[in-house]
Amino acid sequence: EQARRSALSGWLHTYNHHRQHSAIGRNVPFSRLTNVPGQYS
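Note that the numbering used here gives residue 36 to position 23 of the sequence shown, counting from 1, and the numbers run on in steps of one.
1) Of the choices Pro42, Leu46, Arg17, whose alpha-carbon is the least far from that of His30?
2) Can you name the residues that DSSP bridges to Asn7?
3) How many angstroms separate the CA atom of Arg17 from the CA atom of Tyr28?
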């Protein structure tokens with residue numbers, strides 16, 4: 014179970030922070046994030 018969680022965590026990080034997505038203009042999903050806690054104006 015721990016190995017599965019660790020592998021998923023690493024995959025999700027790569028998918029959201031490093032892999033470009035064509036649907037959002039070849040940007041990474043994290044670059045589109047606007048509702049980070051503590052970042053409200």
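Every residue gets a Cβ at the ideal spot worked out from N, C-alpha and C, and that includes glycine.
So, to answer that:
1) Considering only alpha carbons, the answer is Pro42.
2) The requested residue 7 is not part of the displayed model; the chain covers only 14 to 54.
3) Using only the alpha carbons, I get a separation of about 16 Å.
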